[in-house]
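Below is one structure; the comments refer to it alone.
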Amino acid sequence: VAPVRELDGGVSAFVSIMRGCNNMCSYCIVPFTRGRERSRPFASIAQEVARLAEDGYKEVTLLGQNVNSYAVDLGGAGALETPALRQGFRSKVSPVKGDFRFADLMRELAAAHPEVRFRFTSPHPKDFPDELLSVIAEYPNACQSLHVPAQSGSSAVLEAMRRDYTREAYLELIEQVREQLPAASISSDFISGFCGETEDDHQQTLSLIQRVRFEKAFMFAYSLREKTHAHRNLQDDVPEDVKQRRLREVIDVFNRGARQANDEEPGNVHLLLIDGLSKKSEGEWVGRTDCNKRVVFERKPTRISAGSASESELAVGDYVAIRVTESLSANTLRAVPLAKSSIAEFADSQQSGHPILSRL
Numbered sequence: 032v033a034p035v036r037e038l039d040g041g042v043s044a045f046v047s048i049m050r051g052c053n054n055m056c057s058y059c060i061v062p063f064t065r066g067r068e069r070s071r072p073f074a075s076i077a078q079e080v081a082r083l084a085e086d087g088y089k090e091v092t093l094l095g096q097n098v099n100s101y102a103v104d105l106g107g108a109g110a111l112e113t114p115a116l117r118q119g120f121r122s123k124v125s126p127v128k129g130d131f132r133f134a135d136l137m138r139e140l141a142a143a144h145p146e147v148r149f150r151f152t153s154p155h156p157k158d159f160p161d162e163l164l165s166v167i168a169e170y171p172n173a174c175q176s177l178h179v180p181a182q183s184g185s186s187a188v189l190e191a192m193r194r195d196y197t198r199e200a201y202l203e204l205i206e207q208v209r210e211q212l213p214a215a216s217i218s219s220d221f222i223s224g225f226c227g228e229t230e231d232d233h234q235q236t237l238s239l240i241q242r243v244r245f246e247k248a249f250m251f252a253y254s255l256r257e258k259t260h261a262h263r264n265l266q267d268d269v270p271e272d273v274k275q276r277r278l279r280e281v282i283d284v285f286n287r288g289a290r291q292a293n294d295e296e297p298g299n300v301h302l303l304l305i306d307g308l309s310k311k312s313e314g315e316w317v318g319r320t321d322c323n324k325r326v327v328f329e330r331k332p333t334r335i336s337a338g339s340a341s342e343s344e345l346a347v348g349d350y351v352a353i354r355v356t357e358s359l360s361a362n363t364l365r366a367v368p369l370a371k372s373s374i375a376e377f378a379d380s381q382q383s384g385h386p387i388l389s390r391l
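Laid out in structure tokens, this is it:
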């Protein structure tokens, strides 16, 4: 069975590129249930993505428990080299050796299929080398939507979680992302009430969320899992009511920042991939931008290109340039359609300052 999951509608698909995890975070059972990291051969992945592109899929998400540590040996000069981690990051297990790594995989796929968007999840912060950020900056179909799981804003809690980085190292990575990819959106994961978390630790998490202003986040109260390092070695000592109160505060702070980010969007022009009809109205399309922002807009005939006055109906799977008109919530924007487009055409218009789109 090919490790591909295709979503209804024939627009987006998910391709698993590796199995297992070497990170051994203290709260996680995955290394004990799925084993050490094993990366799939590049040729197999390339064949599956090519088939999806031929079948009309417009977006592929590369999947792995620690997707950006992907590494295989294609027999090149770097096969025996172990990659260096970002400064301030450690690893309990030596990184897998290989001359073909995740940045190489992203580059090859993006170059081979310029009209297919590529996303990836779930990564670990330690595996974001500058080369990967450069690939994302270079290829307009490598989506500038990065999931960078923090889990906590406290170095003490991160140490207990065995995340192998500090608050300072994490923030330095975010600064590097902002420098190389100023338009990128950043999402994250947070666990409230982990073993030994104090009120000061919790406040540090809130301050990190405020500082970074994540645009999406997965937020949970800690729940002990058997057979994990935390189950064997730590005490689940934060009362449940405290966990839930801290989680509510994390969600509130996140929502304020995400709403502020969306409130700054009106007037911005994005390339949208249409996913389908809005669940609230068959008179509206819904889709996502490169930065994974959800957008709704009126279902009506739209210019067939930025340089043409002719119009046609849009369809699921179309790329369309839109201008944001309203921030509806922390999660959704409203827009007006400008013209059908392609990834390449839209990228060219961005580089030249939207000379045509700005007049539509």
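In our numbering, the protein residues as written are 32 to 391. Yeah, the Cβ is synthetic: ideal placement off N, Cα and C, and Gly gets one too.
Taken through DSSP and simplified to helix, strand or coil, R198 comes out as helix.
Judged by DSSP in its simplified three-state form, S380 adopts helix. Rounded to whole angstroms, the gap between the alpha carbons of R330 and A143 is 32 Å. For E342, the CB contacts under 7 Å within the same chain, skipping 5 residues up- and downstream, are P332, T333, R334 and I335 in chain order. The C-beta of D268 has fewer than 16 other C-beta atoms within 10 Å across all chains shown, which makes the residue exposed.
When the Cα atoms are used, A361 and C52 turn out to be separated by approximately 32 Å. The C-alpha of C56 is placed about 12 Å away from the C-alpha of H262. Per DSSP, the unbroken alpha helix (DSSP H) holding P62 starts and ends at V61 to R65. The Cβ-Cβ distance between F120 and P154 does not fall below 8 Å. If you draw a 10 Å sphere on the C-beta of G318, you find 16 or more other C-beta atoms in it, and that means buried. CA-CA distance, E344 to D86, rounds to 21 Å. Pairing S372 with A352 gives a Cβ-Cβ distance under 8 Å.
Exclusion of the five residues before and after A292 leaves R244 and E246 as the residues of its chain whose Cβ lies within less than 7 Å of its Cβ.
Here V347 is near G307, since their CB atoms are less than 8 Å apart. If you look at M55, you'll find it isn't in any alpha helix (DSSP H); DSSP assigns it neither H nor E.
Distance from the CA atom of P213 to the CA atom of A375, rounded to whole angstroms, is 20 Å. Per DSSP, T236 is one residue of the alpha helix (DSSP H) stretching across E230 to V243. Boundaries of the alpha helix (DSSP H) around R279: E271 to D294.
V367 and V80 have their C-alpha atoms roughly 32 Å apart.
In this structure the segment 184–201 does not touch the segment 158–166; the number of beta carbon pairs closer than 8 Å is below three. In this structure, the beta-carbon distance from V284 to I240 falls below 8 Å. Its chain contains R365 as the residues whose beta carbon lies nearer than 7 Å to that of L359, once the 5 sequence neighbours on both sides are disregarded; these appear in chain order.
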